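What follows is a set of notes on a single structure, which appears directly below.
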Amino acid sequence: MGKYVKSDIEIAQETTMKPIHQIGEKLGLTADDLEQFGKYKAKLTAETLKRVESKENGKLILVTAINPTPAGEGKSTVTVGLGDALNLLGKKSMIAMREPSLGPTMGIKGGATGGGYSQVVPMEDINLHFTGDIHAITTANNALSALIDNHIQQGNDLKIDQRRIIWKRVMDLNDRALRNVIVGLGGPAQGIPREDGFDITVASEVMAVLCLAKDLHDLKKRLGKMIIAYNINKQPVTVADLGAEGALTLLLKEAIKPNLVQTLAHTPALIHGGPFANIAHGCNSVIATNTALKLADYVVTEAGFGADLGAEKFLHIKARNMGVSPDAVVIVATIRALKMHGGVAKENLSSENTAALAKGFSNLKKHVETVQSFGLPFVIALNRFNGDSADEIETFKELCEEQNIQWSLTEVWAEGGTGGLQLAEKVLEQIAKTDQSFTPLYNLHDSLEEKIETIAKNVYGASRVEFTSKAKKQLADFERFGWSYLPICMAKTQYSLSDDAAKLGLPSDFTITIRELKPSVGAGFIVALTGAVMTMPGLPKVPAAMQMDVDQQGQAKGLF
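Residue 6 is where the sequence shown starts when you use this note's numbering, and the numbers rise one by one after that.
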């Protein structure tokens, strides 16, 4: 009979957490710097955020990964474990991560706070309602929707063309039935009938704005710039035109403050904001990352999915916005996932297959080339799973050595920070190098079309980029509206370097199709939607929610 392996939630619930003010003390914070949500969660006060602004920045470590597979990669687990390992080495470190969305938590993924002995806690609180930030974003987004429909009902002074309203309602759950709806039915008193739809909250521009705003003033300015519709003359209509930016800012004034929690090893962690990386830019908030850099000597943060999505957007959008680039990058891979990229079905992953591993290694190599193209030093973290064989690990080692790639076998899931000490040491070695030179792959003065082609060809490896007739017209319109200076945020499947989720490994000679563009002027980027990517996901056949429950003592069960 095999050894019983505790679930993530069992490990988390057996841990004795420290009161959150003690975690704050590690960062030089006092009780007055914290607005507590119970014993183990707190928001940093606005005064605290302002006070630390003048401090010198610590070093920033970005954790990214290969293209994800159902086999699992453990990027968040490595992020947490690396932060814990740096603390074990005597470095003042902390973690900056995204807040989990209830969509994937209740859908296909389960919890999203790390795993095993490398987790942030209180795990169940963070995975569910946490401090209410995502609910506040949902409310602000839908308040704007209500104000738009009311404006039309009350006379439509802005002459909004109700056929060209691009602002959608949102909810933070996967619900495919709400992708396309009709609102305003029931007669004159119920509003003006029109087509509408729902996105998931973490795809809302309000989420992106919150995560890229530098402070409350910047938040209000960005909210006012958001495009909600076009008028009968086909000119853009903004939130500021509607006069709603003040109300939206009021609804978000607490949500903009980052949340302080801890890891199982009591390393401080700021968890704040959660935009999707396959739709939005996939990074935690600028405020949280900037604040962490002021409070710690080493900050470990992550970007969603593979380096083709989260890392590219971190470097082209968030880093530009912050004026700070990573001092080192960690690229997470697993033997299981590389075997899937090499053609092995999920049900056969337990069988040793060095040939498939070698074939799937091409996916990792492409992500390495992407990070290198930005001029950044990196280390590969091979996140070990129980079924990995000695021959497979040796094959991985040989493949890395052939490419002269620095790597580390990482066992933070099973051992916590102790299992990431070698990774931490290698990351510190990379940070110490003086020859790093961060260089974006495109300039902001490049045309939107040139930016898209640079990402598609240089990061994805595409041979061609095709624009639908709708996208071509939007390119011309956006140029005319003066938006061509904005960076690009690609909306693409996370599972493949291409825009076809079925093409694993290193696809070749493929075309990226841009079906339409969406202005996120408040956030400060243009979204380019590729393939069939959805802004409102659906639930799988057996949702993770079906395994969830609560016991008689009120403790959560089934959050993985």
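Don't be surprised by glycine CBs; every beta carbon is placed ideally from N, CA and C. Keep in mind the model is a prediction, meaning the values are calculated, not measured.
Inset, instruction - Compute the distance between the beta-carbons of P105 and I71, then report whether it is under 8 angstroms. - result: Mapped onto the sequence shown, residue 105 falls at position 100. Mapped onto the sequence shown, residue 71 falls at position 66. The answer is no: Cβ separation not under 8 angstroms.
Inset, instruction - Would you check if there are 3 or more beta carbon pairs closer than 8 angstroms linking the stretch 212-222 to the stretch 272-292? - result: yes
Legend entry - Closest by C-alpha distance to S5, when choosing among V417, F366, V376, T268: Here the chain covers residues 6 to 565 and nothing more, so residue 5 does not appear.
Inset, instruction - With DSSP collapsed to three states, give me the class of L65. - result: Counted from its first residue, the sequence shown places residue 65 at position 60. Residue state, collapsed to three classes: strand.
Legend entry - Beta-carbon gap between W412 and G79 smaller than 8 angstroms: What you label residue 412 is simply residue 407 of the sequence shown in a count that begins at 1. What you label residue 79 is simply residue 74 of the sequence shown in a count that begins at 1. The answer is no: Cβ separation not under 8 angstroms.
Inset, instruction - Using the Cα positions of D505 and Q558, report the straight-line distance between them to the nearest angstrom. - result: One-based indexing of the sequence shown puts residue 505 at position 500. One-based indexing of the sequence shown puts residue 558 at position 553. D505 and Q558: Cα-Cα distance of roughly 46 angstroms.
Inset, instruction - List in chain order: all unbroken beta strand (DSSP E) runs of 3+ residues lying wholly within the stretch 321-372. - result: 333-338
Inset, instruction - Can you say whether P198 is buried or exposed, counting buried as having 16 or more other CB atoms within 10 angstroms of its CB? - result: Taking the first residue of the sequence shown as 1, we reach residue 198 at position 193. Label assigned to P198: exposed.
Legend entry - Alpha-carbon spacing of F515 relative to L491, whole angstroms: If you number the sequence shown from 1, residue 515 lands on position 510. If you number the sequence shown from 1, residue 491 lands on position 486. So the two alpha carbons sit approximately 26 angstroms from each other.
Inset, instruction - Let me know if A234 comes out buried or exposed under the rule of 16 or more other beta-carbons within 10 Å of its beta-carbon. - result: For this step, residue 234 is matched to residue 229 along the sequence shown. A234 comes out buried.
Legend entry - Inter-residue Cα distance where the pair is I28 and L255: Here the question's residue 28 lines up with position 23 in the sequence shown. Here the question's residue 255 lines up with position 250 in the sequence shown. Approximately 29 angstroms between the Cα atoms of the pair.
Legend entry - Top-ranked residue by Cα proximity to E30, from K64, E61, K97, I157: Taking the first residue of the sequence shown as 1, we reach residue 30 at position 25. If we check each option's Cα against that of E30, K97 comes out closest.
Legend entry - K364 and G510 closer than 8 angstroms at C-beta: The residue given as residue 364 occupies position 359 in the sequence shown. The residue given as residue 510 occupies position 505 in the sequence shown. Yes, Cβ-Cβ distance for K364 and G510 is below 8 angstroms.
Inset, instruction - Can you tell me which of K371, H222, T415 puts its alpha carbon nearest to the alpha carbon of Q408? - result: Locating residue 408 in the sequence shown gives position 403, counting from the first residue. Q408 has its Cα closest to that of K371, out of K371, H222, T415.
Inset, instruction - My understanding is that A342 touches A549, with C-beta atoms under 8 angstroms, so please give their C-beta distance in whole angstroms. - result: As a first step, residue 342 is located in the sequence shown; it is residue number 337 there, counting from the start. As a first step, residue 549 is located in the sequence shown; it is residue number 544 there, counting from the start. Between A549 and A342 the Cβ distance is about 20 angstroms, and since that is not below 8 angstroms, they are no contact.
Inset, instruction - Within the same chain, show all residues whose beta-carbon is closer than 7 angstroms to that of A461, passing over the 5 residues directly before and after it, in chain order. - result: Residue 461 sits at position 456 when you count from the first residue of the sequence shown. Hits under 7 angstroms: A467, V470, I517.
Legend entry - Proximity to F483 [Cα-Cα], best of Y500, K173, S452, L502: Translated into the one-based positions of the sequence shown, residue 483 becomes position 478. Nearest of Y500, K173, S452, L502 to F483, Cα basis: S452.
Legend entry - Identity of the residue in E58, T272, G120, Y303 nearest L564 by Cα: As a first step, residue 564 is located in the sequence shown; it is residue number 559 there, counting from the start. Here the closest residue by C-alpha is G120.
Inset, instruction - Given a cut-off of 8 angstroms, decide if K164 and I237 are closer than it, judged by their beta-carbon atoms. - result: Along the sequence shown, one-based indexing puts residue 237 at 232. Along the sequence shown, one-based indexing puts residue 164 at 159. Their beta carbons are under 8 angstroms apart, which means I237 touches K164 by this criterion.
Legend entry - Reference L107, options G137, K508, L87, closest by Cα: Residue numbering aside, residue 107 sits at position 102 when the sequence shown is read from its first letter. Answer by Cα proximity: G137.
Legend entry - L67 and F319 closer than 8 angstroms at C-beta: Here residue 67 is taken as the residue at index 62 of the sequence shown, counted from 1. Here residue 319 is taken as the residue at index 314 of the sequence shown, counted from 1. Cβ distance < 8 angstroms, so L67 and F319 count as in contact.
Legend entry - Stretch-stretch touch, CB-based, cutoff 8 angstroms, three pairs: the stretch 419-428 with the stretch 442-449: no
Inset, instruction - Compare the beta carbon distance of D201 and M541 with 8 angstroms and say whether it is the shorter of the two. - result: As a position in the sequence shown, residue 201 is number 196, starting the count at 1. As a position in the sequence shown, residue 541 is number 536, starting the count at 1. Against a cut-off of 8 angstroms, the Cβ pair of M541 and D201 comes out as no contact.
Inset, instruction - Count the other CB atoms, across all protein chains shown, that sit within 10 Å of the CB of E15; report buried if there are 16 or more and exposed otherwise. - result: Reading the sequence shown from its first residue, position 10 is the one you call residue 15. Answer is exposed; the Cβ neighbour count stays below 16.
Legend entry - 7 angstroms CB neighbourhood of Q18 in its chain, flanking five on each side removed: Locating residue 18 in the sequence shown gives position 13, where the first residue counts as 1. Closer than 7 angstroms at Cβ, skipping near neighbours: Q560.
Inset, instruction - Within the stretch 152-182, note down every full beta strand (DSSP E) run reaching 3 residues or more, in order along the chain. - result: 165-170, 174-176
Inset, instruction - Just mark P193 as buried or exposed, buried being the case when its beta carbon has 16 or more other beta carbons within 10 Å. - result: Looking up residue 193 in the sequence shown gives position 188. Label assigned to P193: exposed.
Inset, instruction - Taking K497 as the reference, give the member of W488, A537, T243 with the closest Cα. - result: Translated into the one-based positions of the sequence shown, residue 497 becomes position 492. Nearest C-alpha to K497: A537.
Inset, instruction - May I ask which residues mark the beginning and end of the beta strand (DSSP E) holding E307? - result: As a working mapping, residue 307 is identified with position 302 in the sequence shown. Here the beta strand (DSSP E) through E307 covers 303-307.
Inset, instruction - Determine the DSSP secondary structure at G315, reduced to helix, strand or coil. - result: As a position in the sequence shown, residue 315 is number 310, starting the count at 1. Helix, per DSSP.
Inset, instruction - Using 10 angstroms around the beta-carbon of E5, count the other beta-carbons present and answer buried if the total reaches 16, otherwise exposed. - result: In this structure the chain extends from 6 to 565, so residue 5 is not present and cannot be described.
Legend entry - Rounded distance between the beta-carbons of V432 and V335, thought under 8 angstroms: Your numbering for residue 335 matches position 330 in the sequence shown. Your numbering for residue 432 matches position 427 in the sequence shown. The pair is a contact, with the Cβ atoms about 6 angstroms apart (cut-off 8 angstroms).
Legend entry - Proximity below 8 angstroms, CB of C405 to CB of I385: The residue given as residue 405 occupies position 400 in the sequence shown. The residue given as residue 385 occupies position 380 in the sequence shown. It is a contact, given that the beta carbons lie within the stated cut-off.
Legend entry - Exposure label - R168; buried when at least 16 CB within 10 Å: Sequence index remark: in the sequence shown, residue 168 carries index 163 (1-based). Its Cβ having fewer than 16 others within 10 Å, R168 is exposed.
Legend entry - Contacting residues, own chain, Cβ-Cβ under 8 angstroms from V83 (five flanking each side not counted): In the sequence shown, residue 83 corresponds to position 78, counting from 1. Closer than 8 angstroms at Cβ, skipping near neighbours: V68, S123, V335, V337, A386, N388, T415, V417, G425, L428.
Legend entry - Continuous alpha helix (DSSP H) stretch holding I457: start and end: In the sequence shown, the residue the question calls residue 457 occupies position 452. Looking at the DSSP string, the run of the alpha helix (DSSP H) that includes I457 is 453-459.
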